[in-house]
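K.L.:
Protein chains in written order, with this note's numbering: chain A, 230 to 423; chain B, 203 to 381. Think of the CB as a built atom: it goes at the ideal place given N, C-alpha and C, for glycine as much as any other residue. Computed from a prediction, not measured in an experiment: that's the story for all the values here. Quick one: the structure is below, questions incoming.
Dropping the structure here:
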């Protein structure tokens, strides 16, 4: 999987992303991807997929249980399959509850977690974003967690998406880079002040 | 929007995002499936909601009425009740009223049905040589109905191409469009 990932990324970075700028979710996704690219490419942090992988696991269990119920009910028609159906239906809805809880309280819009690990520091960077429907204000939050000291600092910026996407619908990566590094540097600055 | 740009969202995804996209499509399908299976468990009927496809029960039910069924084993079938039953060799269950019923002391029953709007009983509809229905033929008993809602289903059944087109369009949209 890793080589494929890196190949896709080089493809994406070589040419600017064009999107339908009136499509809110496409705008948010492309900006998220641009921010992620700044963190992984420009700052050379390693991306940590744990947050996403747990979510994928929850979804996989839910879909797996549903498919199992379907196959079981097909093999052993209804009155026989009742206990299995009760089990799968409850598991499915519990998993759906867990998923909503996870996205609302654990994920909280975080789309990438990056780890900066070198001789001096061991820091976790979390980027989360918010773009309300029919709204142009893109809220980008960068959080920085120092594993050694346990320090947690957070900074966010609210800017119209027009600051990052040009009239033709291309994401301008230089502007995204400027914004992310501004947040990034002010977080580093804050830490030094303390 | 041009057709070529339709797949741009998909092209930009990495493996995890693509897998998540497939899973979220799977979850839409599974949610519907699990609600249906959950209803089956609660009502005890293998098909808790059916659509009336013919006018044989008028004026009680019309074409396109949506029926809600239950099939609890402890509730006995009685004359005058409206039952939904399956007949060997027919794909679609039939909704008709119980006309005659014989019950043994050990609880086994055999019964005859007839559509309110039909002039003869259902023996002609049963499988060749079958004179009575038994408990195992019953899908459920009508407990409530919602008029006209089932017309959509009837439309889809009468024009299969329309149904396939709608389903394919929806599936493509969900898979291609990234939330």
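Name the residues in the stretch 241-257 of chain B whose C-beta lies less than 7 angstroms from a C-beta of chain A; which are they?
P.N.:
Of all residues in the stretch 241-257 of chain B, 242, 243, 248 have a Cβ within less than 7 angstroms of some Cβ in chain A.
K.L.:
From the DSSP output, which residues share a beta bridge with residue 355 of chain A?
P.N.:
Its beta-bridge partners are A:342, A:372.
K.L.:
Taking just the CA atoms, how far does residue 263 of chain B sit from residue 316 of chain B?
P.N.:
The straight-line gap from Cα to Cα measures roughly 14 angstroms.
K.L.:
Quick check on DSSP: helix, strand or coil for residue 247 of chain A?
P.N.:
Residue 247 of chain A: strand per DSSP, three-state reduction.
K.L.:
Can you tell me whether residue 271 of chain B is buried or exposed, with buried defined as 16 or more other CB within 10 angstroms of its CB?
P.N.:
Buried.
K.L.:
Residues of chain B with a CB under 7 angstroms from the CB of residue 258 of chain A: which are they?
P.N.:
In chain order: 380.
K.L.:
Starting from the Cα of residue 321 of chain B, find the closest Cα among B:280, B:306, B:310, B:258 and give me that residue.
P.N.:
Among B:280, B:306, B:310, B:258, the Cα nearest to that of residue 321 of chain B belongs to B:258.
K.L.:
Out of curiosity, what's the CA-to-CA distance linking residue 376 of chain B and residue 226 of chain B?
P.N.:
Whole-angstrom Cα-Cα distance: 8 angstroms.
K.L.:
List the residues of chain B whose Cβ lies closer than 7 angstroms to the Cβ of residue 311 of chain A, in chain order.
P.N.:
243, listed in chain order.
K.L.:
Quick one: which chain A residues come within Cβ less than 9 angstroms of residue 342 of chain B?
P.N.:
Ordered by position in chain A, no residue passes the 9 angstroms Cβ test against residue 342 of chain B, which lies about 11 angstroms from the chain.
K.L.:
Beta-carbon within less than 7 angstroms of residue 350 of chain B's beta-carbon, same chain only, minus the 5 sequence neighbours each way: which residues are those?
P.N.:
Excluding sequence neighbours, residue 350 of chain B sits near 266.
K.L.:
Relative to the alpha-carbon of residue 388 of chain A, which residue among A:358, A:333, A:315 has its alpha-carbon at the smallest distance?
P.N.:
Residue A:358 is the option with its Cα nearest to residue 388 of chain A.
K.L.:
Let me confirm a value: residue 187 of chain A is counted as buried when at least 16 other C-beta atoms fall within 10 Å, else exposed. Which label applies?
P.N.:
Lying before the first or after the last residue shown, residue 187 of chain A is absent from chain A, which here runs from 230 to 423.
K.L.:
Pairing CB atoms from the stretch 282-300 of chain B with CB atoms from the stretch 237-257 of chain B, are three or more of them under 8 angstroms?
P.N.:
In short, these stretches touch, since the Cβ pair count reaches three.
K.L.:
Since residue 324 of chain A and residue 298 of chain A should fall inside the 8 angstroms C-beta cutoff, what is the C-beta to C-beta distance between them, to a whole number of angstroms?
P.N.:
The Cβ separation is near 12 angstroms, so there is no contact.
K.L.:
Which residues in chain A sit within 8 angstroms of residue 222 of chain B, going by Cβ to Cβ distance?
P.N.:
Those are 281, 284, 285, 288, listed as they occur along chain A.
K.L.:
Do residue 273 of chain B and residue 310 of chain B come within 8 angstroms of each other at the CB atom, strictly closer than that value?
P.N.:
No, these two residues do not count as a Cβ contact at 8 angstroms.
K.L.:
Does the structure place the stretch 341-356 of chain A close enough to the stretch 308-328 of chain A that three or more beta carbon pairs sit under 8 angstroms?
P.N.:
They do not touch, by the three-pair rule.
K.L.:
Do the stretch 399-415 of chain A and the stretch 243-261 of chain A meet, that is, are 3 or more Cβ pairs less than 8 angstroms apart?
P.N.:
The stretch 399-415 of chain A, when compared against the stretch 243-261 of chain A, does touch it at the 8 angstroms Cβ threshold.
K.L.:
Taking 8 angstroms as the CB-CB cut-off, is residue 233 of chain A touching chain B?
P.N.:
Note on residue 233 of chain A: pLDDT 43, under 50, position unreliable in the model; the coordinate value appears next. Yes, residue 233 of chain A lies at the interface with chain B (some Cβ there is under 8 angstroms from its Cβ).
K.L.:
Any beta-carbon of chain A closer than 8 angstroms to the one on residue 235 of chain B?
P.N.:
Closer than 8 angstroms to some Cβ of chain A, the Cβ of residue 235 of chain B qualifies, so yes.
K.L.:
With distance defined between alpha-carbon atoms, name the residue in A:336, A:405, A:374 nearest to residue 417 of chain A.
P.N.:
Per the Cα distances, A:374.
K.L.:
Which class does residue 230 of chain A belong to by DSSP, given the choice of helix, strand or coil?
P.N.:
Summary for residue 230 of chain A: the model assigns pLDDT 38, below 50, so the residue's position carries little reliability; its value from the coordinates is reported in the next sentence. In the structure shown, residue 230 of chain A sits in coil (DSSP, three-state: anything other than H, G, I, E or B).
K.L.:
Using CA coordinates, which residue listed in A:267, A:275, A:282 is at the minimum distance from residue 220 of chain B?
P.N.:
When only C-alpha atoms are compared, the closest one is A:282.
K.L.:
Under 8 angstroms between C-beta atoms, does residue 312 of chain B make it to chain A?
P.N.:
It does not: the Cβ of residue 312 of chain B has no partner Cβ on chain A nearer than 8 angstroms.
K.L.:
Using 8 angstroms as the limit for Cβ to Cβ distance, is residue 278 of chain A near chain B?
P.N.:
Answer yes: the Cβ-Cβ gap between residue 278 of chain A and chain B drops below 8 angstroms somewhere.
K.L.:
Can you give me the Cβ contacts of residue 295 of chain A inside the same chain, cut-off strictly under 6 angstroms, excluding the 5 residues immediately before and after it?
P.N.:
Within the same chain, residue 295 of chain A has close Cβ partners 321.
K.L.:
Note down, in chain order, each residue of its chain lying with its Cβ closer than 6 angstroms to the Cβ of residue 241 of chain B, except the 5 sequence neighbours on either side.
P.N.:
These residues qualify, in order along the chain: 250.
K.L.:
Counting only the same chain and skipping the five closest in sequence on each side, list residues whose C-beta sits under 8 angstroms from that of residue 377 of chain A.
P.N.:
Only 350, 351 meet the Cβ criterion.
K.L.:
So residue 285 of chain B and residue 343 of chain B are in contact, right, with Cβ under 8 angstroms, and what is the actual spacing, rounded?
P.N.:
The pair is a contact, with the Cβ atoms about 5 angstroms apart (cut-off 8 angstroms).
K.L.:
Our contact map puts residue 256 of chain A next to residue 265 of chain A with C-beta atoms below 8 angstroms; I'd like the distance itself, whole angstroms only.
P.N.:
Contact doesn't hold; Cβ gap of about 15 angstroms is too wide.
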